[in-house]
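Below is one structure; the comments refer to it alone.
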Amino acid sequence: MGLDIRFPIGMMFTLIGLLLSGAGFFSPDKLSLGININLIWGSILFLFGALMWVSAVKAKGK
Amino acid sequence: MPSQSIHLGVIDYSILVLYVAFVIGIGFALKRQMKTSADFFLSGRNIPAWVTGLAFLSANLGALELVGMAASGAKYGIATCHFYWVGAIPAMIFLAVFMMPFYYGSKARSVPEYLKLRFDERTRAFNSVSFAVMTIFASGISLNALAKLLHNLLGWEYNISLWICSFIVLLYVLKGGLTSAIYTEVLQFFMIVLGFAPVVWLGLRDAGGWVAIKQKLAGVATNPSAYNLADSASTTFHSDAWTSAWKPLIGGPSANPMGIDLFAMIFGLGFVLSFGYWCTNFLVVQRAMAAKDMKAARNTPLVAAVPKMFFPLLVILPGMIALALSATEGKGYQFPKAVIAEAKMSTAIASVRQSVASSADVVSASKTIASAAGTSLNTVKVEELLKAAKADPGTPDAQLAIGIQDAVVNDYDGVILSLVKRYCPTGLLGLALTALLASFMSGMAGNVTAFNTVWTYDLYQAYIAPDKSDEHYSWMGRVVTVAGILLSIGAAYFASMWTNAMDIIQLVFAFVNAPLFATFLLGMFWSRTTGTGAFVGLICGTLASALFHACTLSVGNVPGVKGGYIHNFWTLPSDMAQNFWLASFAFTICFAVTVLLSLSTRRTKSDEELKGLVYSLTPKQTVDQVWYARPGTIGIVLLIVCVILNYIFW
Chain A
1 MGLDIRFPIG MMFTLIGLLL SGAGFFSPDK LSLGININLI WGSILFLFGA LMWVSAVKAK
61 GK
Chain B
1001 MPSQSIHLGV IDYSILVLYV AFVIGIGFAL KRQMKTSADF FLSGRNIPAW VTGLAFLSAN
1061 LGALELVGMA ASGAKYGIAT CHFYWVGAIP AMIFLAVFMM PFYYGSKARS VPEYLKLRFD
1121 ERTRAFNSVS FAVMTIFASG ISLNALAKLL HNLLGWEYNI SLWICSFIVL LYVLKGGLTS
1181 AIYTEVLQFF MIVLGFAPVV WLGLRDAGGW VAIKQKLAGV ATNPSAYNLA DSASTTFHSD
1241 AWTSAWKPLI GGPSANPMGI DLFAMIFGLG FVLSFGYWCT NFLVVQRAMA AKDMKAARNT
1301 PLVAAVPKMF FPLLVILPGM IALALSATEG KGYQFPKAVI AEAKMSTAIA SVRQSVASSA
1361 DVVSASKTIA SAAGTSLNTV KVEELLKAAK ADPGTPDAQL AIGIQDAVVN DYDGVILSLV
1421 KRYCPTGLLG LALTALLASF MSGMAGNVTA FNTVWTYDLY QAYIAPDKSD EHYSWMGRVV
1481 TVAGILLSIG AAYFASMWTN AMDIIQLVFA FVNAPLFATF LLGMFWSRTT GTGAFVGLIC
1541 GTLASALFHA CTLSVGNVPG VKGGYIHNFW TLPSDMAQNF WLASFAFTIC FAVTVLLSLS
1601 TRRTKSDEEL KGLVYSLTPK QTVDQVWYAR PGTIGIVLLI VCVILNYIFW
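Residue numbers (our numbering), protein chains in the order written: chain A, 1 to 62; chain B, 1001 to 1650.
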């Protein structure tokens, strides 16, 4: 296939992850049940995106 | 409804815009690959199984599913999981193990085309026309629901939401055809899961975990009328009615909030409806047919079955969380319901006082008060209110107002959004809304791509313009993609203008879908089935479902669009029971007529012609896979996991 879908998925989630964790970092008063959910979930999305990215790069190298 | 509205921040809009940019970007990136009509309609058959598998799941997941499953979770509890564990997993495994070899191996380009190869043009024409009409209405209903939701929630203009959302889908499907629909469906799958997971996680934390939820729902089950969940004050269930998947079903229709018996659940939903949908609906089967080889095609439904099995956690659990929270003092969570405006409230209060004075009977009093309040009311609550008002004629207006507001029926469809509002600060809010939008777009793109293929190959090429060049069909595909979107928009307006439209459309779906699996089952596994038998059987099955509907009614409904308009021979305990029994009846009629007619008509296709189309006439494939990688083995493992899940929540 011409396009490895993991690239766009990875790119989109790293970007959204950065946005979200950035929002959590700069406005730590926006809490949900006392948790800075933007920071936590943003980081998780970032990690997920990075993983997708890495696996796509690895597959391309083969 | 201003009380529902949410304000989005810059971050929320940024996430939304990022998502839209990527979805459209994928369409444009794939544009170069769209050379022949096969690229556009069939993705050139070169996609790996994990991609087609997730797309298989995503295409089926419309916006209505996210909203509706949470609603059912609150209304019926964990029994809603049967739509997944009973109503999907076994059929998906059956598709992979037994049916996919014929769909993929026959080189048919669509499900209706398989019917033509196996039987004749008549069955194909019937199936492709009914399928094309249904996909348009399905995407129209979903589009209408989404635009309404965006309007109520964000205050966006209904028409603008409708056209913009459709335009985005149009853009990427037009550019990248089926491939771009499938690729974006994968992206949307992750968006949906990762967008809703934090809401469920926070909800679970808030409610105090599964054990606490179970405890609260036990209280709800024994006194459902206090939560507007019952139409009669005497209705009460066993304490595990919301939290146990099978025990309330075994107790019979009166022991579970769904009003369903075991036979209707297992045969009606688990066999007829489920196999009829997952094994014959081109919307999902098309994803598997786009896989790169037979192995990937058979693995497609198996890949999809894994997340499907655990989806209840994401879509049904929120409904149960919301119900548990509303039953917990001090959480400050109010189950969503319409708020009566002040002006209407004063007429409703006057109407209560008048009903007390005239001592009207509860049902008619309830109706008058409800029409004054401009919303539906729970009869049990109205009865209590009238009793209290009668006992103490000096009850102040303010107290009556509280009573009337409390009697307003639950807005189950608002459950998921009430949780999003409760837990999502700006940022996460944008993510959750994007997930909702993604679920809608994946469903609509699924419908549009299935529609354009069936139209172009099964109707246009077959009956209107055969023997044209490949460029011509490619062009037609693009034209019909635009037409399909415009028709969906038309269907959305149709559904929004007429309150009964939804009921009627869903009814037609049920009539057409119910008998379908009998035709496929006999066609694939009995070589004696003839074209005439299949066609007449299918027509009889469809008519039988319409007849069944006209002769039965469920409790609490009046003859009309809900059935019983010829004569009410059988009153069923719930709409759902009526639907499941209808399917069982239609399937049986279609099966019987097809068998009888096939035995009394001559076969028109030789054994040689049916090779690759019928199980017994197709030589067994030499398997080059190790035993544990074979679809059969994976299917058995998945079934075992599914049984374990059922056992845990027995």
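Cβ atoms here follow ideal geometry from the backbone N, Cα and C, with glycine treated the same way. Fair warning: this is a prediction, and the values are worked out from it, not measured in the lab.
Between the C-alpha atoms of residue i and residue j, what's the straight-line distance to the nearest angstrom?
i: B:Trp1650; j: B:Ala1245; result: 5 Å
i: B:Lys1381; j: B:Ala1388; result: 11 Å
i: B:Thr1052; j: B:Ser1166; result: 23 Å
i: B:Ala1221; j: B:Ile1168; result: 44 Å
i: A:Leu45; j: A:Phe13; result: 6 Å
i: B:Val1086; j: B:Ile1078; result: 13 Å
i: B:Gly1073; j: B:Pro1318; result: 7 Å
i: B:Leu1162; j: B:Leu1018; result: 20 Å
i: B:Asp1120; j: B:Ser1574; result: 39 Å
i: B:Val1512; j: B:Thr1395; result: 54 Å
i: A:Ala59; j: B:Leu1599; result: 55 Å
i: B:Gly1208; j: B:Asp1240; result: 18 Å
i: B:Cys1642; j: B:Lys1308; result: 10 Å
i: B:Ile1024; j: B:Leu1030; result: 10 Å
i: B:Ile1644; j: B:Phe1271; result: 20 Å
i: B:Phe1310; j: B:Ala1373; result: 41 Å
i: B:Gln1291; j: B:Arg1118; result: It is Ala, not Gln, that sits at residue 1291 of chain B in the sequence shown. One C-alpha to the other measures close to 22 Å.
i: B:Ile1349; j: B:Tyr1084; result: 44 Å
i: B:Met1092; j: B:Ala1108; result: 20 Å
i: B:Gly1177; j: B:Ala1021; result: 17 Å
i: B:Ser1469; j: B:Met1134; result: 29 Å
i: B:Ser1371; j: B:Gln1405; result: 13 Å
i: A:Met1; j: B:Leu1302; result: Below a pLDDT of 50, predicted positions are generally treated as unreliable, and A:Met1, at 49, falls in that range; the measurement from the model is reported next regardless. Each residue's Cα considered, the two are about 21 Å apart.
i: B:Ala1088; j: B:Ser1439; result: 18 Å
i: B:Lys1421; j: B:Val1306; result: 30 Å
Can you look up residue i in the DSSP assignment and give me helix, strand or coil?
i: B:Lys1468; result: coil
i: B:Asn1299; result: helix
i: B:Asn1410; result: strand
i: B:Ile1160; result: helix
i: B:Pro1002; result: Annotation note: pLDDT 38 at B:Pro1002 (below 50); position unreliable, no value reported.
i: B:Lys1337; result: strand
i: B:Ala1495; result: helix
i: B:Ala1230; result: coil
i: A:Met1; result: Note that A:Met1 has pLDDT 49, beneath the 50 cutoff, so the model's placement of it is unreliable and the number below is only indicative. Residue state, collapsed to three classes: coil.
i: B:Ala1108; result: coil
i: B:Gly1564; result: coil
i: A:Ile35; result: strand
i: B:Ala1610; result: In the sequence as presented, Ala is not what sits at residue 1610 of chain B; that position holds Leu. Of the three classes helix, strand and coil, the one that applies to B:Leu1610 here is coil, per DSSP.
i: B:Ala1291; result: strand
i: B:Leu1061; result: coil
i: B:Leu1008; result: coil
In the DSSP assignment, the beta strand (DSSP E) including residue i goes from what residue to what residue?
i: B:Thr1552; result: 1552-1554
i: B:Trp1581; result: Unbroken run through B:Trp1581 is the alpha helix (DSSP H), 1575-1600; no beta strand (DSSP E).
i: B:Leu1572; result: 1570-1572
Quick one: give me the first and last residue of the alpha helix (DSSP H) that residue i is part of.
i: B:Val1111; result: 1111-1118
i: B:His965; result: Because residue 965 of chain B is not part of the residues shown, which for chain B are 1001 to 1650, the question remains open.
i: B:Lys1367; result: 1362-1373
i: B:Pro1048; result: Taken as a continuous stretch (DSSP letters only), B:Pro1048 belongs to no alpha helix (DSSP H), as it is neither H nor E.
i: B:Trp1210; result: 1209-1222
i: B:Leu1042; result: 1037-1042
i: B:Ala1144; result: Just to set this straight, residue 1144 of chain B is Asn in the shown sequence, not Ala. Element bounds for B:Asn1144: 1121-1154.
i: B:Gln1354; result: 1342-1358
i: B:Cys1642; result: 1631-1648
i: B:Lys1605; result: It is not in any alpha helix (DSSP H) - B:Lys1605 carries neither H nor E in the DSSP assignment.
Got a sec? Which residues, its chain only, sit under 6 Å from residue i by beta carbon, not counting five neighbours each side?
i: B:Ala1445; result: Val1169, Val1173, Ala1181
i: A:Gly42; result: Gly17, Leu20, Ser21, Gly24
i: B:Phe1580; result: Ala1264, Gly1268, Leu1269
i: B:Met1294; result: Tyr1104
i: B:Gln1286; result: Ala1450
i: B:Ser1005; result: Gly1155
Grab me the residues of residue i's own chain with a C-beta within less than 7 Å of its C-beta, minus the 5 sequence neighbours each way, in chain order.
i: B:Phe1196; result: Leu1314, Ala1432, Ala1435
i: B:Thr1601; result: Thr1530, Thr1532, Gly1533
i: B:Tyr1412; result: Ala1071, Ala1074, Lys1075
i: B:Gly1009; result: Thr1426
Taking 8 Å as the limit between beta carbons, can you name the residues of its chain near residue i, skipping five residues before and five after?
i: B:Phe1548; result: Trp1581, Leu1582, Phe1585, Ala1586
task: Could you tell me which uninterrupted beta strand (DSSP E) segments, each at least 3 residues in length, are contained entirely in the segment 1523-1550 of chain B, listed from first to last along the chain?
output: none
- Which residues, taken in chain order from the segment 1183-1196 of chain B, show a beta carbon closer than 7 Å to some beta carbon of chain D? Protein chains A and B are contained in the structure displayed, whereas chain D is not.
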